[in-house]
Amino acid sequence: MLKECIEALNIKSGGIYLDGTAGLGGHSEEIAKRLDSGRLICLDKDPAALERCAGRLSPYGERVSIVKSDFRELASALDGLGIRAADGIMLDLGVSSMQLDMPERGFSYRFDAPLDMRMDTDAPFSAYEIVNTWEAGRIKQILYDYGEERYAPLVAAAIVRNRPISSTVELAEIVRSAMPAKARREKQHPARRAFQALRIAVNDELGALEQGLEAAVERLNHNGRLAVLTFHSLEDRLVKNCFRRFENTCECPPDFPECVCGNRQTLKIIGRYSPSTEETARNPRAECARLRVAEKI
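This is how it looks when you write it as structure tokens:
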């Protein structure tokens, strides 16, 4: 949804923009192309992605600043550059194709690889620790909460029973074998939800998103746009609730004729968008993408 994301930011050539999940620089490059006297700040916590991003954006020189940082720390990143606020902030919460297609990163059950799943390869905590050291109840809870896995008790018990588990393919087979036959016949891979849950837990993705959204709203200029691209229902629901909370800030009882609490509306919701049929035909991974856009008022 590159076109939709860029249009949603309503880019001004002299504005300041922040890509909080720069990845390989796809969105960042399109923003940089539209800047003249403006500035772009690119954040990512994946060193490999940042290296690729820096190379891609090198033609734009001093217009672009690249910072290794989790987007939940975007306020600190802006402060470090002497920038108070931005005119637009972009967050793309998907795992990049590069990350999925690099076996050593351990994000995918398609390759036999170590159980890693860290976005920040410098972080000390990986999926291996969860799978091999957490108790069954705790694993079951993240499968429920982060993967919406209806067979979480069966999967958690199978993981604990088959320890030690060292590879992605080994884990995927354990998850598959723990499920009833009808679940193994479903269209999606039986281990998809479990791998999603582990990735979210390893990287504290929902906690980072909640903190990052709060920071983004705080650091937007008046009329600045916040565009957030999600790829599963948990993220989309969190973004929706955050936008609504900043849009409906009044705490007065419903029967009051006018607001007396003094809480001012912070965001105006612009819309929610889905990929076109043409895009999903070209890129099936985009089918579950949802873009939510809001404006600071």
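This note's numbering puts the sequence shown at residues 20 to 316. Glycine residues also receive a C-beta, built at the ideal position from the N, C-alpha and C atoms.
Notebook entry, point to check: Given a threshold of 16 other Cβ atoms within 10 Å of its Cβ, counted over all protein chains shown, does A105 qualify as buried or as exposed?
Noted result: Looking at its Cβ environment, which holds 16 or more other Cβ atoms inside 10 Å, A105 is buried.
Checklist line | Runs of alpha helix (DSSP H) lying entirely within the stretch 238 to 315, each at least 4 residues, in chain order | finding: Counting only runs of 4 or more, we get 252 to 266 and 296 to 301.
Notebook entry, point to check: Near D9, which residues of its chain fall below 8 Å by C-beta distance, leaving aside the five closest residues on each side in sequence?
Noted result: The question about residue 9 has no answer here: the residues shown for the chain are numbered 20 through 316.
Next item on the list: Using beta-carbon positions only, say whether I149 and L54 come within less than 8 Å of one another.
Entry: Result no, Cβ atoms of I149 and L54 do not sit closer than 8 Å.
Check: Is it buried or exposed for G44, if we count other Cβ within 10 angstroms and need 16 for buried?
Finding: Buried, by the Cβ-count rule.
Checklist line | When V221, I289 and E192 are compared against V247, the one with the closest alpha-carbon | finding: Nearest to V247 by alpha-carbon distance, out of V221, I289 and E192, is I289.
Item checked: Proximal residues to I316 (C-beta, below 8 Å), its chain only, five neighbours per side dropped -> These residues qualify, in order along the chain: H241, N242, Q284, T285, L286 and K287.
Notebook entry, point to check: How many Å lie between Y165 and L225 at the Cα?
Noted result: Near 9 Å, if we compare the C-alpha coordinates of L225 and Y165.
Check: When we look at the beta-carbon of S56 and count the other beta-carbons within 10 Å, is it buried (16 or more) or exposed?
Finding: Only exposed fits S56, as fewer than 16 other CB atoms lie within 10 angstroms of its CB.
Next item on the list: State the Cα-Cα distance for the pair E306 and T299, rounded to the nearest angstrom.
Entry: Those two C-alpha atoms are separated by around 5 Å.
Check: Hey, how far is the Cα of K52 from the Cα of F126?
Finding: Straight across, the Cα-Cα distance linking K52 with F126 is about 32 Å.
Next item on the list: Take the Cβ of V312 as the centre, count every other Cβ of all protein chains shown within 10 Å, and call the residue buried at 16 or more, exposed below.
Entry: For V312, the number of other beta carbons within 10 angstroms of its own is at least 16, and it is reported as buried.
Checklist line | Neighbourhood of A197 by C-beta, 6 Å cutoff - its chain only, sequence neighbours within 5 removed | finding: So the qualifying residues of the chain are L173, V174 and A177.
Margin query: Assuming contact is defined by CB atoms lying nearer than 8 Å, are L62 and V83 in contact in what I supplied?
Written below: No.
Check: Does the stretch 188 to 206 come close enough to the stretch 122 to 138 that 3 or more CB-CB pairs lie under 8 Å?
Finding: Judged by Cβ distances under 8 Å, the stretch 122 to 138 makes contact with the stretch 188 to 206, as three or more pairs qualify.
Checklist line | Contact between the stretch 230 to 238 and the stretch 91 to 111 (3+ Cβ pairs under 8 Å) | finding: They touch, by the three-pair rule.
Note to self: Once DSSP output is grouped into helix, strand and coil, what is the label at G107?
What the structure shows: Per DSSP, reduced to three states, the secondary structure at G107 is strand.
Next item on the list: For I108, I'd like the list of residues in its chain whose CB is within less than 7 Å of its CB, leaving aside the five on either flank, ordered along the chain.
Entry: Counting only Cβ-Cβ distances below 7 Å, and skipping sequence neighbours, we find L37, G39, A235, L239 and L245.
Checklist line | Nearest to D223 (by Cα), restricted to the options G33, K64 and S47 | finding: When G33, K64 and S47 are compared, the shortest CA-CA separation from D223 is found for K64.
Next item on the list: Put D98 into one of helix, strand or coil per three-state DSSP.
Entry: D98 sits in a helix when the DSSP states are folded into three classes.
Notebook entry, point to check: Tell me which same chain residues have a C-beta within less than 8 Å of the C-beta of L257, skipping the five on either side of it?
Noted result: Excluding sequence positions up to five before and after L257, its CB lies within less than 8 Å of the CB of L225, L228, E229 and L232, all in the same chain and listed in chain order.
Notebook entry, point to check: What first and last residue would you give for the alpha helix (DSSP H) that runs through R75?
Noted result: It spans P66 to L76 - the alpha helix (DSSP H) in which R75 sits, taken as one unbroken run.
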